[in-house]
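Letter by letter, the sequence shown follows residues 13 to 332 of the numbering used here. In this text, a Cβ means the ideal position worked out from N, Cα and C, and glycines have one as well. What follows is a single structure, written as structure tokens, with notes after it.
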Amino acid sequence: MGDVAVGARSGHDGEEHRGRPAESTVPAADSAVTSGNDSGAAEDGRVTGEQRSGEGQGPGGTAGTPKKPRSFWKELPILIGIALVLALLIKTFLVQAFSIPSDSMQNTLQQGDRVLVDKLTPWFGSEPERGEVVVFHDPDNWLAGEPTTDPNALQTFLSWIGLMPSAEEKDLIKRVIGVGGDTIECKNTGPLMVNGKALNEQDYVYAGNTPCSVDDQGGQFKVKVPKGYIWVMGDHRQNSRDSRYNQSDKHHGMVPVKDVVGRAVVVAWPINRWATLPVPDTFDQPGLNAQPAAAGLTVAPQGIALLGVVPVVLWRRRKQ
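Here is the structure:
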């Protein structure tokens, strides 16, 4: 039971009034304490119009000075600090914004689009799957010769806390075509083959492009993806320097899973380009998995992540 301020009682404790015994003290309902004299309370202990003791009174029943609310301008720095900490935590563990710098993912993504990348599920062991659009760190100088921007101090700060896409991080965005254990083959103009199954890519490959590029620089290939790596390609096949054209690097064009930042899940800006980024149906065709027995394991981490988020959502609802 919390502490309750009690006003001064009339008379002296332990004494009797002349001609009659002292009345016994009756506890008020719900911890309410009557103030002043006993005649202000009804027989059932309820307060009847008299001011409750402790409300707006100082010691000894005297009126106290009401506490002034804190000035908005004094609270503003605290609120800003909390907002910045939350933004930094969200960027680090939950979601981060990225800007699309080129046309290599047209028409799925346009230059200048802002995408939100899920960074939560990788913390629970989830790995990239075929068909997902992922952001990853430059595995071995893929961006050599690409122009770089020189952000000002404000842009650097906003990108650091995740409120603006970073201009300094060397990240790329492509679609996952193969995962560890897959055999990927591209001959002539296509179709692109994964574990002997042809992909129907008309829903996402840039209009006018062929699934495979006819050249001697890497457009024709047959590779097996080692465990712990992924093979990525841009949707604008004839305008994307992806795994095909980096087979001479130390990873032979593969991207280490550890370098994957997360999956791009939605185009958030501009408003008229808002869209989700689902996995195309062609990646769900039967027989595509090189190791069907392991396929069910990729779903479990996402379920664990969902279970982790649900208590937070329920807690926030109770607070509202």
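Exercise for the section: Thinking G240 and G192 are a contact (beta carbons under 8 angstroms), I'd like their distance in whole angstroms, please. Expected result: Here the question's residue 240 lines up with position 228 in the sequence shown. Here the question's residue 192 lines up with position 180 in the sequence shown. Between G192 and G240 the Cβ distance is about 6 angstroms, and since that is below 8 angstroms, they are a contact.
Exercise for the section: Could you please give the first and the last residue of the uninterrupted beta strand (DSSP E) stretch that includes G274? Expected result: Numbered from its first residue, the sequence shown carries residue 274 at position 262. It spans V272 to W281 - the beta strand (DSSP E) in which G274 sits, taken as one unbroken run.
Exercise for the section: Helix, strand or coil for P268, going by three-state DSSP, please let me know. Expected result: For the purposes of this step, residue 268 is taken as the residue at position 256 of the sequence shown. Here P268 sits in strand by DSSP.
Practice task
Spell out a yes or no on whether the segment 268 to 279 and the segment 120 to 138 are touching, meaning 3 or more CB-CB pairs, one atom from each, closer than 8 angstroms.
Solution key: yes
Handout entry: E87, buried or exposed, once every other Cβ within 10 Å from all chains shown has been counted against 16
Key = Along the sequence shown, read from residue 1 onward, the residue named residue 87 stands at position 75. Counting Cβ neighbours within 10 Å, E87 comes out exposed, since fewer than 16 surround it.
Handout entry: Among P113, V97, Y218 and V244, the one whose alpha carbon lies nearest that of N258
Key = Residue numbering aside, residue 258 sits at position 246 when the sequence shown is read from its first letter. It is V244.
Practice task
Under 8 angstroms by Cβ, that's how I've got R187 and D247 pegged, so tell me the actual separation to the nearest angstrom.
Solution key: As a first step, residue 187 must be located in the sequence shown, where it is residue number 175. As a first step, residue 247 must be located in the sequence shown, where it is residue number 235. The pair is a contact, with the Cβ atoms about 6 angstroms apart (cut-off 8 angstroms).
Problem - Counterpart residues of L184 in DSSP-defined beta bridges - result: Residue numbering aside, residue 184 sits at position 172 when the sequence shown is read from its first letter. Paired residues: F148.
Handout entry: Short Cβ contact (9 angstroms threshold) for Q232 with K199
Key = Walking along the sequence shown from the start, residue 232 turns up at place 220. Walking along the sequence shown from the start, residue 199 turns up at place 187. Yes, these two residues count as a Cβ contact at 9 angstroms.
Practice task
Could you spell out where the beta strand (DSSP E) holding F110 opens and where it closes?
Solution key: On the sequence shown, residue 110 is found 98 positions in, with the first residue counted as 1. Per DSSP, F110 belongs to the beta strand (DSSP E) from V107 to S111.
Exercise for the section: For the beta strand (DSSP E) containing W154, list its first residue and its last residue. Expected result: For this step, residue 154 is matched to residue 142 along the sequence shown. First-last for W154: undefined, no H or E at that position.
Handout entry: Under the three-state DSSP convention, the category K236 falls into
Key = Position 224 of the sequence shown, counting from 1, holds the residue named residue 236. Of the three classes helix, strand and coil, the one that applies to K236 here is strand, per DSSP.
Handout entry: Close beta carbons around T120, own chain, < 6 angstroms, minus the five adjacent residues each side
Key = On the sequence shown, residue 120 is found 108 positions in, with the first residue counted as 1. Y216 and D247, listed in sequence order.
Practice task
Would you check if the distance between the CB atom of D183 and the CB atom of F110 is smaller than 9 angstroms?
Solution key: Taking the sequence shown and counting its residues from 1, one reaches residue 183 at position 171. Taking the sequence shown and counting its residues from 1, one reaches residue 110 at position 98. Result yes, Cβ atoms of D183 and F110 sit closer than 9 angstroms.
Problem - With 16 other Cβ atoms within 10 Å as the buried cut-off, status of I242 - result: For the purposes of this step, residue 242 is taken as residue 230 along the sequence shown, with counting starting at 1. When all chains shown are included, I242 counts as buried.
Handout entry: Boundaries (first-last residue) of the beta strand (DSSP E) holding L195
Key = For the purposes of this step, residue 195 is identified with residue 183 of the sequence shown, where counting begins at 1. Reading off the sequence shown, one finds Thr at residue 195, where the question assumed Leu. Here the beta strand (DSSP E) through T195 covers T195 to C198.
Practice task
Give me whichever residues DSSP pairs with I242 in a beta bridge.
Solution key: Reading the sequence shown from its first residue, position 230 is the one you call residue 242. Its beta-bridge partners are V267.
Handout entry: Spatially closest choice to G202 from P223, G190 and I196, by CA coordinates
Key = Translated into positions along the sequence shown, residue 202 becomes position 190. Minimum Cα distance to G202 is reached at P223.
Problem - Simplified DSSP assignment, three categories, for A287 - result: Within the sequence shown, residue 287 is the residue found at index 275, counting from 1. If DSSP states are grouped into helix, strand and coil, A287 belongs with the strands.
Exercise for the section: Sort out for me which residues DSSP pairs V206 with in a bridge. Expected result: Looking up residue 206 in the sequence shown gives position 194. Bridge partners of V206: I196 and K209.
Problem - Short Cβ contact (9 angstroms threshold) for V235 with R142 - result: The sequence position of residue 235 within the sequence shown is 223, counting from 1. The sequence position of residue 142 within the sequence shown is 130, counting from 1. Not closer than 9 angstroms, so no.
Practice task
Flag this pair as yes or no: are the beta carbons of V145 and V272 separated by less than 9 angstroms?
Solution key: Residue numbering aside, residue 145 sits at position 133 when the sequence shown is read from its first letter. Residue numbering aside, residue 272 sits at position 260 when the sequence shown is read from its first letter. Not a contact, by the Cβ cut-off of 9 angstroms.
Exercise for the section: Run the CB neighbour count on V267, radius 10 Å, all protein chains shown included, and call it buried at 16 or more, exposed below. Expected result: Taking the sequence shown and counting its residues from 1, the one referred to as residue 267 is at position 255. Under this definition V267 is a buried residue.
Practice task
Keeping to the same chain, check which residues put their C-beta closer than 8 angstroms to that of Y218; ignore five residues upstream and five downstream.
Solution key: The residue given as residue 218 occupies position 206 in the sequence shown. Same-chain partners within the cutoff: Q118, N119, D247, H248, R249, Q250 and N251.
Exercise for the section: Put R333 into one of helix, strand or coil per three-state DSSP. Expected result: Outside the shown range of the chain, which is 13 to 332, sits residue 333, and nothing can be said about it.
Exercise for the section: Determine the direct distance from the alpha carbon of N301 to that of S114, and round the result to whole angstroms. Expected result: As a working mapping, residue 114 is identified with position 102 in the sequence shown. As a working mapping, residue 301 is identified with position 289 in the sequence shown. In a straight line, the C-alpha of S114 is about 31 angstroms away from that of N301.
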